[in-house]
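Residue numbering for the sequence shown is 423 to 601, as defined by this note's numbering.
Quick reminder that beta carbons are idealized off the backbone N, C-alpha and C, glycines included.
Note sheet for the following structure.
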Amino acid sequence: TTSPEKVWSLNCGSATSNVQCLDKINPDVFEGQNRTPYVPSSQSSNYRSPVDVVGSILTDLVYVADETNNTIEVICNTSGILVNELNTNQKPNALLLSADARYLYVACGGENGTVEIFNTTANLRLGEVSVGHTPSALAVNEDGTVLYVANRFDGTVQTIALNGGIFDSNAIAGEEIYV
Numbered sequence: 423t424t425s426p427e428k429v430w431s432l433n434c435g436s437a438t439s440n441v442q443c444l445d446k447i448n449p450d451v452f453e454g455q456n457r458t459p460y461v462p463s464s465q466s467s468n469y470r471s472p473v474d475v476v477g478s479i480l481t482d483l484v485y486v487a488d489e490t491n492n493t494i495e496v497i498c499n500t501s502g503i504l505v506n507e508l509n510t511n512q513k514p515n516a517l518l519l520s521a522d523a524r525y526l527y528v529a530c531g532g533e534n535g536t537v538e539i540f541n542t543t544a545n546l547r548l549g550e551v552s553v554g555h556t557p558s559a560l561a562v563n564e565d566g567t568v569l570y571v572a573n574r575f576d577g578t579v580q581t582i583a584l585n586g587g588i589f590d591s592n593a594i595a596g597e598e599i600y601v
């Protein structure tokens, strides 16, 4: 994830997964080395497993999917400080922000996967839709009216209709468009 000044990187290849921030102005400095800006709350376990990260220059916020704790960590891009945690009903697998950064779409779970949507201004869950087995990637069409969900172990892609960037709790995932 990038901003004009910083690049956030996700390191899942070691025993201690972490998120680091590279200062683009001074590329030899990784902010994560000398301080710990990404600190889970007391409710979270000490172990965290970031699996995806998205950010927006519109809001100066970075969102990190923490699979172990079923949370989305919200980090201020400028300070690197954890400012909020959003709880998910299942393990988050993938994240996508709407073009205006008002909504965060979160692919969650395994066999009985869901997509959850959060209002990023109020940090509130607006609803969820049941999808296939292990939703692992999200995309939205150019005009923001269709959300695409790739279900890893079903080998399918499903669609969810969006109205103004959101869906309601009665929304149903559409037909599988790829098998």
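Distance between residue j and residue i (C-alpha atoms, nearest Å)
i: residue 566; j: residue 526; result: 13 Å
i: residue 505; j: residue 482; result: 11 Å
i: residue 508; j: residue 494; result: 5 Å
i: residue 556; j: residue 500; result: 33 Å
i: residue 520; j: residue 503; result: 23 Å
i: residue 543; j: residue 552; result: 24 Å
i: residue 581; j: residue 545; result: 24 Å
For residue i, the first and last residue of its enclosing beta strand (DSSP E)
i: residue 540; result: 536–541
i: residue 547; result: 546–552
i: residue 477; result: 472–478
i: residue 582; result: 578–583
i: residue 488; result: 483–488
i: residue 494; result: 493–498
i: residue 559; result: 557–562
Residue nearest to residue i in terms of C-alpha spacing, selected from the options
i: residue 575; options: 554, 568, 569; result: 554
i: residue 490; options: 584, 478, 562, 471; result: 471
i: residue 530; options: 476, 546, 517, 541; result: 517
i: residue 523; options: 479, 492, 533; result: 479
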